[in-house]
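K.L.:
Can you keep this structure in mind? I'll have questions shortly.
There are 2 protein chains.
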Amino acid sequence: MFAERYADRVQFLNPSSIRKMMAIAKGLIAQGKTVYELNIGQPDIECIPEFCEAIDKKARTGQINYSPIIGEKYLRETYARYLNNFFDKDGKPHLVIDTDNVLITVGASHALTSCFLGICNPGDEVLVIEPYFSPYSGFLAVAGGKLKAIPTRAEDDFALPPAEEIEKLITPKTRAILFNSPNNPSGKIYSAEEVERLAKICIDHKLFIISDEVYREMTLGDKEAFSVLQVDFGNEEMNEKLKNAIIMIDSASKTFSLCGVRIGTLVARQPILEKLALVVAHTTACVSDIMQYGVAWAYDAILSRPDYLDNMRKVYHERLEATMQAIAEYLPGVVAPKPDGAFYLMLKFPEFEDITEFSHFMLEKFNLGNETVAVTPAASFYLTPGYGRNEIRIALVVDPEKMRRSSQIISEALKAFSQFKVNLVRPML
Amino acid sequence: MFAERYADRVQFLNPSSIRKMMAIAKGLIAQGKTVYELNIGQPDIECIPEFCEAIDKKARTGQINYSPIIGEKYLRETYARYLNNFFDKDGKPHLVIDTDNVLITVGASHALTSCFLGICNPGDEVLVIEPYFSPYSGFLAVAGGKLKAIPTRAEDDFALPPAEEIEKLITPKTRAILFNSPNNPSGKIYSAEEVERLAKICIDHKLFIISDEVYREMTLGDKEAFSVLQVDFGNEEMNEKLKNAIIMIDSASKTFSLCGVRIGTLVARQPILEKLALVVAHTTACVSDIMQYGVAWAYDAILSRPDYLDNMRKVYHERLEATMQAIAEYLPGVVAPKPDGAFYLMLKFPEFEDITEFSHFMLEKFNLGNETVAVTPAASFYLTPGYGRNEIRIALVVDPEKMRRSSQIISEALKAFSQFKVNLVRPML
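Protein chains in written order, with the working numbering: chain A, 26 to 454; chain B, 26 to 454.
Below, the structure written as C-alpha cells:
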C-alpha cells in the first residue's frame, strides 16, 4: 500500500552470510541437531571471571544509570592504561594515548557506523583491503557511503599492492582507508612497512586511516600485529599529520570472550572524538554503564595477569594446529593458507565454482551421527566479482577435538553432496 | 588541515541541553558540591531486584554471546506477554502482539534512530507534537531528515490542533507523525480521540505513526495513557491500514529504573520489523544478551507482582504533590501546569525573556549551604522560534523533601540572580 515505504539505504543492507548461517544453525540446534558453529567468531571460551564479579557488585548498588555520551571515565582511563601498557611491555614504540582519546561505543560495529556517519556524506567512498569483514559494507551503507576494494590475494600471501596501485583508486569522494589487522577473514597481519604505506597515502590524500584492531591480541604464531599507533615517520610534521588522521577501533568481544557485552572503543584525537561522540549520542544516547563497569574490571585484571592473553593465544594456537593437521588428513584437495592472527581459516575448494549450495546442504541436509558444521561462504568477504566463490571461512571457536571432527564432517559431506548432485540431474523415471 | 572533514549531518547534531547540564553538574559534584540533578530523567529509585539476580545467574554461565539481530526470543516473548497483559488486566481493548512483532534495540533512542534510518531519505520530514523530547531532532538528523512541529501550548492544556491544521503541515516529503504520550516534557496524556485523530491522518496520507510510549506506565493521577495499539476505528479496512502504519517504541529504562541497561523495544508488523532489524544489524550488530536476559526477568517479575507499578506511581505522585505545594509556597510567580503523566514539570517564569543564563548561574555560580539545582532550559523542546525561552523542565527524580528543598533553592537563586544582574550593569568606579 505504501509506495517507497523505506529509505533508499535499506536496499543496501542485507543480513550478512555469517548471520544468515547463524539463524539456520540456531533453528537446527533447537530441533536437537548438534551443529559446530564455525560460521561466527563467537568464542566458546568462558568469559573473564573479573567481569562477572564486577557486574554483580555494580548491580547490587541498585543504580543502573545513564552514562556520559563519551563513556564512563573509569573505563576510558583503564583502557588507555591497558593499551599503553600493551605496547610498553615489549618496548614497542607507539603513540601514548590518554583518557581524552577514548570514546566508548556499543561494540566495534557501532564504533565503525558512528565513524562512517560522522565522516561520510551519501556517495562518499571508503577504501578497504579485500578480503574484508563483510558487514563493513552495510555499516557504510547506513551513512550512504560505498566501499571500494584494495584487492589482495591468497596466492600473494595477501600482500598489499604498491602505493601507486592504491592511489589509483582514490577519487575526490574518498574519505578514508579502512583496514583490519590481524585481518578477518584472511588472518593476515600487515607488516610495519605495509601499515606505514597506508598511513602515508592517507596523509598525502587527506584521508582518515581507520584501523580496526579488534584482533590485536589474537596472534597465532610469532608474528605480532603492528598497530597504526606504532607508525613513526621519524619526521615531526608527518607524524603530526598522521595523528590528525588516525581513527583506531577496538572491542572487548574477542579479548575477553565477551561478544555479548557490546562494548567497543574508538581512539582518536580529541577534536575528532568529540564529533564522533555526537553521532553516538544520536544513535544510542549512551552505552550501558554496568557493561562498561564490567569491562573496565576486565581490562584492569589483565594488566596484573599478563598470562591471561598468553593462555588464550595458546588455546587458539592448539586449535589451529589441530585443524591444519585434520585438513591435511581429511581434506587433501583443499587449499588452506595458515593465518598469522585472528582466529579464522579461509578454505579454498578448487573443484567448486560456487560453494554456497554445498554450505547450505551440509548444514541443512547432511549429518554424521546427527552432527554437522556451519561455515560461512566467503564470497561476501570480497567486492571483486567472482572472488571467494569457492572459499569458506571457518572460525577456531571449538576445541581441537571438535575442530578435527568438523574437518571429518566436511569431508563426508563433500562425498554426500556429489551423490546428491548426481541424483538431482538423474532424469525422472 | 582537512577541508570538509565531517559529514554534513554532523552540523545538525548538538549535545542536548539535558546532557550539557548533566556534564556541568557531574563536574561540580566531583568537586564536592551537592547538586539536585533535576535536569535528566534518571530516577534515583533502586532498579528492580529480579534484574540483578538474573544477570548474576547469566554471568555465572561464563557465556556472554552475540544475540540474534532481532533480539533474544525469551525477551521478545516475555515483552509481548507483558504488554498484552498490561492492557488485558483492565479489560482495555487493544491489538494483540506476539513475539514476531517485537524488535530489541539499544534503548528507545536506538529504536528511534533505527526507525528514522529505515524510513527517511535525506530531506524527508517527520511531524512531531511540540513540545517534544529534544534529542528527537538529532536522531532524525542522523538519517538526514528534518522535524516539523505540530504546535501545542500550555495555555490550551497542550491540546492537539484540529486535523485540518495538522494536514496543512504535510508535504510529499513527510514520512511519519511522531508523538510521545505521556509526553516528555509536558506531561500531557493525549486522549483516545486525539490519538485516533493522528492515526486517521497517517492512514489518509500514507504515513507511519510512530508512538513513543516509554512513559506508558508513568501516570500521575487518574488519567491513563491511551496507546496507539488501542485505536479501533470499528472498521476492518481502516484497522488493517493502521496495522501497516504503526511503529510503537518502548524501553526498560523508566519502567524498572534501568536507564543504564540500554534495552528498548520496537513493535510493528513483521515486514516492517524485518526492514528495521537490518538497520539495527548495521548500526550495533546486535544488543547485549546479558542485558536482555536481565530485562526479560524484570518484565516477567512484574507480571506476577502487579503492585510493583502501583508502588512506583505512588512514589512519583507523592513527589509531584510535594513539588506543586513547594512551588506555590516558594515560587508564587511561576506558572506550573500539573502533568498527567511522565515525571517532569514545565515551569514558566513570566519575568524572564530567556532563562538559559539563570539556569547556568544557579548551577555554576550559586549555592545554598553548598547545595544547588540542575534544570533543563526548555527552549530546546520547541521548534517554533521564541517558544519555551522562559521555561525550564524539572524531573521528579529525588524524594519529596529534596524536591521541596530544590524549590527553595530556585527561589533563593532567583533573588541572587537579580542582584548579580544589577551588579553587572553597575558602572565601574
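Just so you know, even glycine gets a beta-carbon here, dropped at the ideal spot from N, CA and C.
Using a Cβ-Cβ cutoff of 9 Å, what residues of the segment 282-295 of chain A are near chain B? List them in chain order.
P.N.:
The segment 282-295 of chain A vs chain B, Cβ under 9 Å: Ser282, Leu283, Cys284, Gly285, Val286, Arg287, Ile288.
K.L.:
Assign A/Ala347 to one of three DSSP states: helix, strand, or coil.
P.N.:
DSSP places A/Ala347 in helix when its eight states are reduced to three.
K.L.:
Go ahead and label B/Val447 buried or exposed: buried means 16 or more other beta carbons lie within 10 angstroms of its beta carbon, across all protein chains shown.
P.N.:
Exposed, since its Cβ has fewer than 16 Cβ neighbours within 10 Å.
K.L.:
Using a 10 Å radius around the Cβ and a threshold of 16 neighbouring Cβ atoms, would you call A/Arg200 buried or exposed?
P.N.:
Answer is buried; the Cβ neighbour count reaches 16.
K.L.:
Using the beta-carbon count (16 or more within 10 Å), is B/Arg34 buried or exposed?
P.N.:
It counts as buried.
K.L.:
Identify which residue in A/Phe368, A/Leu393, A/Ile352, A/Asn395 has its Cα closest to the Cα of A/Phe462.
P.N.:
Past the boundaries of the shown model lies residue 462 of chain A; chain A is included only from 26 to 454, so the question cannot be answered.
K.L.:
Provide the residue(s) that pair with B/Pro402 in DSSP beta bridges, ordered along the chain.
P.N.:
Answer by DSSP bridge pairing, in chain order: B/Ile417.
K.L.:
Touching or not, the segment 206-224 of chain A and the segment 237-245 of chain A, by the rule of three or more beta carbon pairs under 8 Å?
P.N.:
In short, these stretches touch, since the Cβ pair count reaches three.
K.L.:
If you pair each beta-carbon of the segment 249-259 of chain B with each one of the segment 110-130 of chain B, do three or more pairs fall below 8 Å?
P.N.:
Output reads yes: the segment 110-130 of chain B touches the segment 249-259 of chain B.
K.L.:
Is the Cβ-Cβ distance between B/Pro147 and B/Gly169 less than 8 Å?
P.N.:
Result yes, Cβ atoms of B/Pro147 and B/Gly169 sit closer than 8 Å.
K.L.:
In this structure, how does DSSP classify B/Leu370 when only helix, strand and coil are distinguished?
P.N.:
B/Leu370: strand per DSSP, three-state reduction.
K.L.:
Here's a check: name, in chain order, each residue in its chain whose Cβ is nearer than 8 Å to the Cβ of B/Met47, leaving out the five neighbours to either side.
P.N.:
Once the five neighbours on either side are set aside, the close Cβ partners of B/Met47 are Glu62, Asn64, Ile65, Ala399.
K.L.:
From the beta carbon of B/Cys227, is the nearest beta carbon of chain A less than 8 Å away?
P.N.:
Answer no: the Cβ-Cβ gap between B/Cys227 and chain A never drops below 8 Å.
K.L.:
Out of curiosity, what's the CA-to-CA distance linking B/Leu501 and A/Leu137?
P.N.:
Residue coverage of chain B in this structure runs from 26 to 454, which leaves residue 501 of chain B outside it and unanswerable.
K.L.:
Counting only the same chain and skipping the five closest in sequence on each side, list residues whose C-beta sits under 6 Å from that of A/Met316.
P.N.:
Val286, Ile288, listed in sequence order.
K.L.:
Using CA atoms only, rank isn't needed, just tell me which of A/Thr280, A/Arg178, A/Ile175, A/Asp182 is closest to A/Tyr333.
P.N.:
Answer by Cα proximity: A/Thr280.
K.L.:
Would a check of beta-carbon distances place A/Gly57 closer than 8 Å to chain B?
P.N.:
By this cut-off, A/Gly57 is not an interface position.
K.L.:
I need the straight-line Cα distance from A/Ser104 to A/Val292, nearest angstrom please.
P.N.:
The sequence given here places Tyr at residue 104 of chain A; Ser does not occur at that position. Each residue's Cα considered, the two are about 10 Å apart.
K.L.:
Taking only the alpha-carbon atoms, compute the straight-line gap between A/Met26 and B/Leu267 and give it to the nearest angstrom.
P.N.:
Low local confidence applies: a pLDDT of 45 at A/Met26 is under 50, so the model's placement there is unreliable, with the coordinate-based value given in what follows. Spanning the two alpha carbons is a distance of roughly 11 Å.
K.L.:
What does the Cβ neighbour count give for A/Pro68, buried or exposed, with the cut at 16 atoms within 10 Å?
P.N.:
Buried, because 16 or more other Cβ atoms sit within 10 Å of the Cβ of A/Pro68.
K.L.:
So is A/Tyr61 in contact with chain B if we call contact Cβ pairs under 8 Å?
P.N.:
For A/Tyr61, the answer is no, since every Cβ of chain B falls outside 8 Å of its Cβ.
K.L.:
Which residues, in order along the segment 136-147 of chain B, keep a beta-carbon less than 9 Å from a beta-carbon of chain A?
P.N.:
Under the 9 Å Cβ criterion, the segment 136-147 of chain B contributes Thr138, Ser139, Phe141, Leu142, Gly143, Ile144, Cys145, Asn146, Pro147.
K.L.:
Which chain B residues are close to A/Asp71, counting only those with a beta carbon under 8 Å from its beta carbon?
P.N.:
Residue identity check: residue 71 of chain A is Glu in the sequence provided, not Asp. Within chain B, the residues near A/Glu71 are Gly87, Gln88.
K.L.:
Going by DSSP in three states, A/Ser276 sits in which element: helix, strand or coil?
P.N.:
In this structure, A/Ser276 counts as strand in the three-state DSSP scheme.
K.L.:
Would you list the residues sitting across from B/Pro176 in a DSSP beta bridge?
P.N.:
Per DSSP, B/Glu155.
K.L.:
Nearest by alpha-carbon distance to B/Ala306: which of A/Ala133, A/Asp81, A/Thr124 is it?
P.N.:
It is A/Ala133 whose Cα lies nearest to the Cα of B/Ala306.
K.L.:
In whole angstroms, give me the CA-to-CA distance for A/Ile380 and A/Ala404.
P.N.:
Cα to Cα, the separation comes out at about 9 Å.
K.L.:
Who are the Cβ neighbours of B/Thr409 in its own chain at under 8 Å, not counting the five residues just before and after it?
P.N.:
For B/Thr409, where only same-chain residues beyond five positions count, the Cβ hits under 8 Å are Glu155, Ala174, Pro176.
K.L.:
When DSSP labels each residue in this structure, what does A/Asn264 get in the three-state scheme?
P.N.:
Here A/Asn264 sits in helix by DSSP.
K.L.:
Relative to the C-alpha of A/Ser278, which residue among B/Pro40, B/Leu53, B/Glu102, B/Ser92 is closest?
P.N.:
Among B/Pro40, B/Leu53, B/Glu102, B/Ser92, the Cα nearest to that of A/Ser278 belongs to B/Ser92.
K.L.:
Starting from the beta carbon of A/Met316, find every residue of chain B whose beta carbon is closer than 9 Å, and list them in chain order.
P.N.:
Result: Gly285, Val286, Arg287, Ser313, Ile315, Met316.
K.L.:
Are at least three pairs of beta-carbons, each pair with one atom in the segment 362-378 of chain B and one in the segment 418-432 of chain B, less than 8 Å apart?
P.N.:
With the cut-off at 8 Å, the segment 362-378 of chain B and the segment 418-432 of chain B touch.
K.L.:
Determine, using beta carbons only, whether B/Ser159 comes closer than 8 Å to chain A.
P.N.:
No, because no Cβ of chain A sits closer than 8 Å to the Cβ of B/Ser159.
K.L.:
Which same chain residues, not among the five before or five after B/Ala28, have their C-beta less than 7 Å away from its C-beta?
P.N.:
With a pLDDT of only 41 at B/Ala28, under 50, the local geometry of the prediction cannot be trusted, and the value read off the model is given with reservation. For B/Ala28, where only same-chain residues beyond five positions count, there are no Cβ hits under 7 Å.
K.L.:
If I follow the unbroken alpha helix (DSSP H) through B/Phe383, where does it start and stop?
P.N.:
Per DSSP, B/Phe383 belongs to the alpha helix (DSSP H) from 381-385.
K.L.:
Which term fits A/Leu449, buried or exposed, when burial requires 16 or more other beta carbons within 10 angstroms of its beta carbon?
P.N.:
With fewer than 16 Cβ atoms within 10 Å of its Cβ, A/Leu449 is classed as exposed.
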